[in-house]
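Note that numbering that gives the first Met the number 0 numbers the sequence shown so that position 89 is 88, with each residue one more than the last.
A virtual CB, placed ideally from N, CA and C, is assigned to each residue, including glycine.
Worksheet: one structure, shown below.
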Amino acid sequence: MKKTLYLIGCLALLPAAEASTVLMDLSPVDSGTTGLNANGITPSDVWGYDLMSWHGVWEKSALANQVAFSAGAVSLQVGGAASQNTGGNFAGLKFSLAPAAAPSALSFDIAKSSTWGSAQFECTYTCDIYGFAADGSSTVIGTWSLADAVDNLSSDGMHVSIDLNMGDASYDSYGLIFNAYKSGSQSGGMAASITNLQISGEMVPEPATASLGLIGLAAILMRRRRG
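Here's what the structure looks like:
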């Protein structure tokens, strides 16, 4: 009996399974895919992308090449030719995590790269994060917006962290969409650089198989002693 109790006591000292933070770098690694699309990027578009493949679109040919990707950075501009309060330029990505992980926050750094034209030019930058079911249906799990970005964003930039509302849901994959659109009537334009894109989440490891075996053995020994 003493040996059995000693064994159980040792098992009690084994570290319990704990949640650990998982970080995944979502920053581009190449030039991605870009082009013209008057409809921008929708959640259904993102669901159809290959995993970790960045896509960028502009709503008009006059905005050509105002979305670009390079190793570690998304360059997202918006010019005066954009429609007011709609459309603009977009960057989208689809990603997934390990089955035991669920995202809890998206973070990135964003800085103003340049401006041109009227000093009164106004634009807004947004980011929406989605969870996708296996059939492609989407749920918004996080959102961020920066109005009047010309005045509210500097060349020094800012760090953004978006808490994700997962609730009790689990998703097959995830996606995000950045959008920059003109929010005033003046001509001009602005460019911003988005870097250090990371997704964080929680993963609970399974108990070690050996530990489970020892626990089972201790239970058997206890039963035999009592018998």
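The distance from the Cβ of T194 to that of D134 is about 34 angstroms, inconsistent with a contact at the 8 angstroms cut-off.
Nearest to M165 by C-alpha distance, out of T138, F177 and A148, is T138. CA-CA distance, Q197 to G47, rounds to 21 angstroms.
Cα atoms of A63 and W57: separation of roughly 6 angstroms, rounded to the nearest angstrom. Straight-line measurement puts the Cα of T142 at about 20 angstroms from the Cα of M51. Between K111 and L152, the C-beta gap is smaller than 8 angstroms, which places the two residues in contact. When the five nearest sequence neighbours on each side are left out, the beta carbons in the same chain lying within less than 7 angstroms of the beta carbon of A104 are those of S160, I161, D162, L163 and S199, in order along the chain. Residue pairing of G86 in beta bridges, as defined by DSSP: absent, with no partner found. Between the alpha carbons of A81 and M157 lies a distance of about 25 angstroms. Residue state for D44 is assigned as helix, using DSSP reduced to three classes. In the displayed model, D150 falls within a helix according to three-state DSSP. Just so you know, the alpha carbons of A191 and V77 end up roughly 9 angstroms apart. Look at A70 here: in three-state DSSP terms it is coil, with no helix or strand label. Here L62 carries a helix assignment [DSSP, helix/strand/coil].
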